[in-house]
Each structure stands twice: as structure tokens, then as C-alpha cells.
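Numbering (the numbering used here), first residue to last: 58 to 272.
Ideal placement from N, C-alpha and C gives every residue a C-beta, glycine not left out.
Nothing here was measured: the structure is a model prediction, and the numbers come from that model.
Structure first, commentary second.
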């Protein structure tokens with residue numbers, strides 16, 4: 058297996074300098090865009106504009122949504138991105154501990170009154186990439202949360218194959234193939250646990266959910 062992987066890697070070409078630059082600009086541009094996302098929609102406009110002029114690549118391409126590889130894949134990882142990845146790996150324990158902390162905070166405040174997906178955080182060594190809960194009207198909750206400057210729309214909902222605008226036919230999926238997954242996709246609400254979510258942010262999300270639950 059290792060030999061085959063090495064042979065495959067050696068056959069892959071290297072990414073273009075421009076594509077590498079696009080990826081390197083992601084953390085820089087989003088560091089500016091996210092804190093200003095709702096400041097006269099400056100951050101939102103910045104992301105749109107940078108994608109429009111091809112300064113930023115999209116997370117999922119049109120071809121990938123049709124089950125096809127983009128023209129530039131497969132390819133090797135550039136040295137610049139490898140350095141960035143290694144730097145992130147050094148922070149892995151810090152990131153994981155933060156996710157556990159935020160997930161446990163959600164759990165302590167939501168488990169009694171909400172239908173949660175995960176087992177109790179305190180009984181698990183797992184790291185919660187998201188903290189999923191079930192709601193009857195998650196789409197409306199996302200819209201209302203957005204008005205309160207809370208971003209809960211992560212794109213991982215609405216369809217058993219995501220993003221929601223993925224061509225299901227090209228993915229060889231037919232509606233009804235996985236009814237439970239389809240039902241979950243329509244009722245799931247993923248709460249963020251990433252490093253930029255503070256306890257204050259988590260409390261704001263909890264307050265919004267509790268208000269919604271009371272209505």
C-alpha cells in the first residue's frame with residue numbers, strides 16, 4: 058500500500074503558484090472578513106469580491122458537485138501549504154481541547170431541553186468538530202440567528218449529500234435511498250466549536266436557541 062501511494066504521488070504534478078497563492082490567502086482574507094462580516098456587510102462583500110476576481114478559490118468546485126475532479130487534481134501538496142499544515146498540527150491539542158470545552162458548555166446548557174446527537178462529552182474522549190442538535194425548523198433558526206449576527210449555516214444540512222446544491226443524480230443517489238439520513242439532514246443544526254468561538258459566543262447561541270424553543 059505504501060509503495061503504491063508513493064508511486065501515485067510521484068506521478069502527480071505540482072500545483073501552480075497561483076493556486077497555492079489562492080490557498081495561502083484564505084486565512085489572511087478570512088481573518089479580516091469574519092470579524093467584519095456584519096459591519097455594513099463589509100466582510101461578506103470582501104469574500105464575494107475576492108472569489109469573483111478569482112483571488113480566492115471556493116471550498117467545493119462546480120465539477121466536484123457533479124462528482125468530477127477539478128482539472129488541477131490530483132496534485133502534490135506545495136511546500137508552502139505543507140509548512141502551513143505542520144504549523145496547524147502543532148496547535149492540534151490546543152484546538153481539540155477548545156472544541157471539547159465549547160461542546161461541554163453546549164451540553165451543560167442544552168441536553169435537558171433539546172434533542173442532541175452526541176453522547177455526553179464528559180464520557181467521551183471524542184473531539185466535537187460540531188455539536189449537532191435536532192430542531193423542527195432549523196432553516197428558520199439559521200435565518201433568525203443570522204439577523205443576530207450568528208452564523209449557523211455551515212452548509213452541512215438539507216441533503217444526505219452536501220453541499221445541498223450537489224448534483225445527486227451524478228452522485229448516483231436517488232431520493233429515498235437513505236430515508237433516515239434525509240430526515241436527519243432536514244432537522245439537524247450544527248453548532249460551531251472552532252477556535253474562534255468563545256464561551257461568550259456559545260452563550261449567545263444558547264440564548265437564541267432557548268428563545269426559539271420557548272416560542
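Take residue 95, set aside five residues on each side of it, and the residues of its chain with a beta-carbon closer than 7 Å to its own are 206, in chain order. Here residue 185 is buried. Its C-beta has 16 or more other C-beta atoms within 10 Å. Excluding five sequence positions before and after residue 221, the CB atoms of its chain that fall closer than 6 Å to its own CB belong to 215, given in chain order. Following the DSSP letters along the chain, one finds residue 246 inside the beta strand (DSSP E) bounded by residues 245–249. Here DSSP, grouped into helix, strand and coil, assigns residue 89 to helix. Taking 8 Å as the upper bound for CB-CB distance, residue 163 and residue 72 are not in contact here, some 38 Å apart. Going by DSSP, residue 187 is part of the beta strand (DSSP E) stretching over 187–191. The DSSP-derived three-state label of residue 172 is strand.
A direct Cα-Cα distance of roughly 12 Å separates residue 194 from residue 242.
Look at residue 70 here: in three-state DSSP terms it is strand.
Burial check for residue 112: the Cβ neighbour count within 10 Å stays below 16, so the residue is exposed. Rounded to whole angstroms, the gap between the alpha carbons of residue 122 and residue 223 is 5 Å. Taking the CA atoms as reference points, residue 251 sits about 6 Å from residue 156. The beta carbons of residue 247 and residue 187 sit closer together than 8 Å.
Following the DSSP letters along the chain, one finds residue 265 inside the alpha helix (DSSP H) bounded by residues 256–271. Take the alpha-carbon of residue 204 and the one of residue 68: they are about 49 Å apart.
Restricting attention to 173, 88 and 77, the CA atom closest to the CA of residue 253 is found in 88. A direct Cα-to-Cα measurement between residue 158 and residue 93 gives close to 26 Å. Exclusion of the five residues before and after residue 244 leaves 191, 192, 193 and 195 as the residues of its chain whose Cβ lies within less than 8 Å of its Cβ.
Residue burial annotation: residue 145 is exposed, with fewer than 16 other C-beta atoms found within 10 angstroms of its C-beta. Taking residue 160 as reference, the option from 260, 149 and 270 with the minimal CA-CA separation is 260. Residue 208 counts as exposed, since fewer than 16 other C-beta atoms from the protein chains shown sit within 10 angstroms of its C-beta.
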